[in-house]
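*Asks:*
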Amino acid sequence: MTLRGLVGAGRPAACAGRFELGADGWRMMVEALPRSTARLCGLWSDGMQVHALFHDGPGPFMASVAVPEGRYLALSPARPGAEAHERMLHDLWGIEAMGAVGTAPWLDQGQWGVTWPLRERAPPAPPPPEGVEFIDGAAMERAGGTMLGHGPAEGGFHAPLHLRLGLPGEGITQVRPRMGYAHRGLCARMRGNTLAGGARLAARIDAGATVAHQLAFARAVTAASGVDTSCPLAIFPAELERVATHLDSVAQMAELQADGRLANLAATLLEHVRQLGHAVYGHRLLFDVVPRRDAAAPAPEMMAALHEGCATLRRLFWRPRGLATQLLGRGVLSAGAARQWGIGGCVGRASGIEADLRAQDPAYAPGWLTPPPRSEGDMTARLSTRLHELGESVRILGNAGVMPEPPVPAQCVDGEGLGMAEGPAGPVWHWLRVEDGRIAAWWCGDPSLAQIQALPAILHGAVYEDVEPILTSLGLSAAGADL
Amino acid sequence: MAYLHLFWPEGGALPRMQALDIFHMDTGGCTGCGLELRAVSRALDAGNAAIRFVSTPRQAGLLLLTGSLSVEMAPVVELAWQAMPGSRLLAVVGDCAVDGGVFTPSYAVLGGVGGRAQASLSLPGCPPAPAMILEALIRWRTGQDKQPPAA
Ligand code: SF4
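In order, the protein sequences belong to chains L and V. All residue numbers for the first sequence refer to my numbering, where the first residue is -16 and numbers rise by one. All residue numbers for the second sequence refer to my numbering, where the first residue is 9 and numbers rise by one.
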């Protein structure tokens, strides 16, 4: 039986697409994982149950299992991408994954002052974890190599994370991420919050993908209230955000590689897009734009300038001895690794993975989305995918209306819903349960977490100087991964 | 050399801007303030300004913080502050850094440095626009030259 069939045999739950499995059903599902191609998109808990979110051709589906003793069968032996989720589940709830690949804390480095902060009733205070102990392997010690750190404070402008890198020779062979620096306890902040408060918070999860988070949150709320979400939705802000984030990545990359012309043009266009955001929605970074009625039309000459600028960017990128040639073959994410870690989004597409939530969105006309020019998974492929999507999004902006989605119904009926949106870096998921008009449980999935887990594979063999460009080309954000 | 009279001092003295090296740290926000600071940094670079962002606190005279100060980042901020040479200053940019913004109260954040330490420059906004940040930096830099910097 397929994974979807196995999960679908469970008891349908309050949320469309979610099925409750018994311990045996969950075990059968875990055993079927190695044979399935469905992507694992998330694993989380509401205290009573553990939920797993999968995505395959027809769409998302969820499996739940009750955890009365605080234990469930781990998914990580079959799906390596589950490891970070399982470790986070333990940090936040004290729920244990049996047979998990890794058990060290992921977020909790022993500084919070509480253990298992999301538990309703605190347990008889177990001591906080000591934080990650870095153990350098025997190979590293024999080689007498160097250990170098990257982050959490580099003087840059991205969210903090730490990478411990082992270089026995010239190339990196060992990568250990240490997360939690950007963890703000959003799940606890969401719980008990009003829907309006929740939407404000969702807009501030990660500024690079704020519209995607706002959309996914609004869609989850609409789904929870049982309203049909299949009506064509306005896509202007989402595409505007994609344009801005891709432009920022291109500009950063060009700055790092000292390509002044490309950097200048990309930064100038980015500033235009920010001003466009301000002119249309009243906010440069497009915060709080989703349930909103007033939006001005963008000036046509601005759109034309953007269109022309994107064509020039592509030309500069591909010019002889340009950035495309310099980045060739560096920082490769193979299709196999991308599949293994469940990486979708524009990074996955640059490795030849077909994954785009927009393809199922009726608001996107057939033919609007086309495959990227390269699928080798190196930095050139990632940048050229961004440039390709940039042109595509600018074209879509020319065709799409400005109005955002219909506003969230004011008096929301209680319920449970899942919402999704394709952000600039990949799929963004929000799941929530509404009780008495307030958020009772919430979870958010961000594409950065899968990318961070895949870093050892991507950085393997790279020189230290390439770490920053590779992170930039991935566009990963610790703010989205840590919540 | 008659043309030197071009610069004969007539009228009031104009404030002079001193060079300033800034070390920025995101202490756990949404990176929105960081995005706008990146725009500021690009503008400063393009204008060859005397104010610039540096990549290590050992070189910096001003520690500029954004974000709501997560519990994990607090020791890192302390280390960066201790690493700064000579007289050093603190600036907080954005609602998060000023008072914690939307992320407080929470077990994981301390709620911004603005409420815990005396900052020389405090700029609210979610996020403040780059033009505002730039203006505040320049106005503060030209205005504060008269007072000796706090240690
Ligand atoms: S003040 Fe606003 S924009 Fe700045 S980090 Fe905080 S939430 Fe983000």
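Ideal placement from N, C-alpha and C gives every residue a C-beta, glycine not left out.
How about the stretch 131 to 145 of chain V and the stretch 43 to 62 of chain V: do they share at least three Cβ pairs that are nearer than 8 angstroms?
*Replies:* Yes: at least three Cβ pairs fall under 8 angstroms.
*Asks:* Quick one: what does DSSP say Val50 of chain L is sitting in, helix, strand or coil?
*Replies:* coil
*Asks:* Looking at chain L, which residues of the stretch 27 to 44 of chain V have a Cβ within less than 9 angstroms of any of its Cβ atoms?
*Replies:* Ile30, Phe31, His32, Met33, Asp34, Thr35, Gly36, Gly37, Cys38, Thr39, Gly40, Cys41, Gly42, Leu43, Glu44
*Asks:* With respect to 8 angstroms, is the separation between the Cβ of Leu268 of chain L and the closest non-hydrogen atom of ligand 1 below this value?
*Replies:* yes
*Asks:* Quick one: which residues of the stretch 160 to 180 of chain L get their C-beta closer than 7 angstroms to a C-beta of chain V? List them in chain order.
*Replies:* Gly163, Tyr164, Ala165, His166, Arg167, Gly168, Ala171, Arg172
*Asks:* Pick helix, strand or coil for Ile59 of chain V, following the three-state DSSP scheme.
*Replies:* In this structure, DSSP gives Ile59 of chain V an extended state, which the three-state scheme calls strand.
*Asks:* How would you list, in chain order, the residues of chain L whose beta-carbon sits under 7 angstroms from the beta-carbon of Arg46 of chain V?
*Replies:* Phe140
*Asks:* Pick helix, strand or coil for Ser128 of chain V, following the three-state DSSP scheme.
*Replies:* coil
*Asks:* Between the stretch 395 to 412 of chain L and chain V, which residues of the former have a C-beta closer than 8 angstroms to a C-beta of the latter?
*Replies:* none
*Asks:* Among residues of its own chain, excluding the 5 on either side of Val62 of chain V, which ones have a beta-carbon nearer than 8 angstroms to its beta-carbon?
*Replies:* Asp29, Ile30, Phe31, Ala68
*Asks:* With a cut-off of 5 angstroms, give the chain-ordered residues whose Cβ is closer than this to any heavy atom of ligand 1.
*Replies:* L:Arg187, V:Gly37, V:Cys38, V:Gly40, V:Cys41, V:Gly102, V:Asp103, V:Cys104, V:Gly109, V:Cys134, V:Pro135
*Asks:* Determine the chain L residues that contact Gly50 of chain V at a beta-carbon separation under 7 angstroms, and present them in chain order.
*Replies:* Residue identity check: residue 50 of chain V is Arg in the sequence provided, not Gly. Under the 7 angstroms cutoff, chain L gives Ala250.
*Asks:* Shortest alpha-carbon distance to Arg161 of chain L belongs to which of L:Arg369, L:Leu438, L:Glu451?
*Replies:* Of the candidates L:Arg369, L:Leu438, L:Glu451, the one whose C-alpha sits nearest the C-alpha of Arg161 of chain L is L:Leu438.
*Asks:* Report back the beta-carbon spacing between Cys38 of chain V and Arg187 of chain L to the nearest angstrom; my notes put them in contact at under 8 angstroms.
*Replies:* Right, their Cβ atoms sit about 4 angstroms apart.
*Asks:* Strictly under 9 angstroms for the Cβ-Cβ distance: is Gly122 of chain V near chain L by that measure?
*Replies:* no
*Asks:* Would a check of beta-carbon distances place Gly94 of chain V closer than 9 angstroms to chain L?
*Replies:* no
*Asks:* Taking C-beta to C-beta, are Pro113 of chain V and Trp89 of chain V nearer than 9 angstroms?
*Replies:* no
*Asks:* Ignoring anything shorter than 3 residues, give me the beta strand (DSSP E) runs that lie fully in the stretch 62 to 118 of chain V, in order along the chain.
*Replies:* 70 to 74, 97 to 101
*Asks:* Establish whether the CB of Pro132 of chain V and some CB of chain L are separated by less than 9 angstroms.
*Replies:* no
*Asks:* Using 9 angstroms as the threshold, is the C-beta distance between Gly328 of chain L and Pro430 of chain L below it?
*Replies:* yes
*Asks:* With a threshold of 9 angstroms between beta carbons, is Ala57 of chain V in contact with chain L?
*Replies:* no
*Asks:* Report yes if the C-beta distance between Leu77 of chain V and Gly102 of chain V is below 9 angstroms; otherwise report no.
*Replies:* no
*Asks:* Quick one, are the C-beta atoms of Pro407 of chain L and Ala195 of chain L less than 9 angstroms apart?
*Replies:* yes
*Asks:* Within its chain, find whatever has a CB closer than 7 angstroms to the CB of Gly36 of chain V; leave out the 5 residues flanking it on each side and keep chain order.
*Replies:* These residues qualify, in order along the chain: Gly75, Ser76, Leu77, Ser78, Met81, Val117.
*Asks:* Can you name the residues of chain L whose CB is closer than 9 angstroms to the CB of Met81 of chain V?
*Replies:* Neighbours of Met81 of chain V on chain L, chain order: Pro135, Ala136, Pro143, Tyr164, Ala165.
*Asks:* Can you list the residues of chain V that Gln94 of chain L reaches, using a CB-CB cut of under 7 angstroms?
*Replies:* Listed along chain V, the residues sitting closer than 7 angstroms to Gln94 of chain L by beta-carbon distance are Val79, Glu80.
*Asks:* Go ahead and pull the three-state DSSP assignment for Asp449 of chain L.
*Replies:* helix
*Asks:* Which chain L residues are close to Val117 of chain V, counting only those with a beta carbon under 7 angstroms from its beta carbon?
*Replies:* Arg167, Gly168
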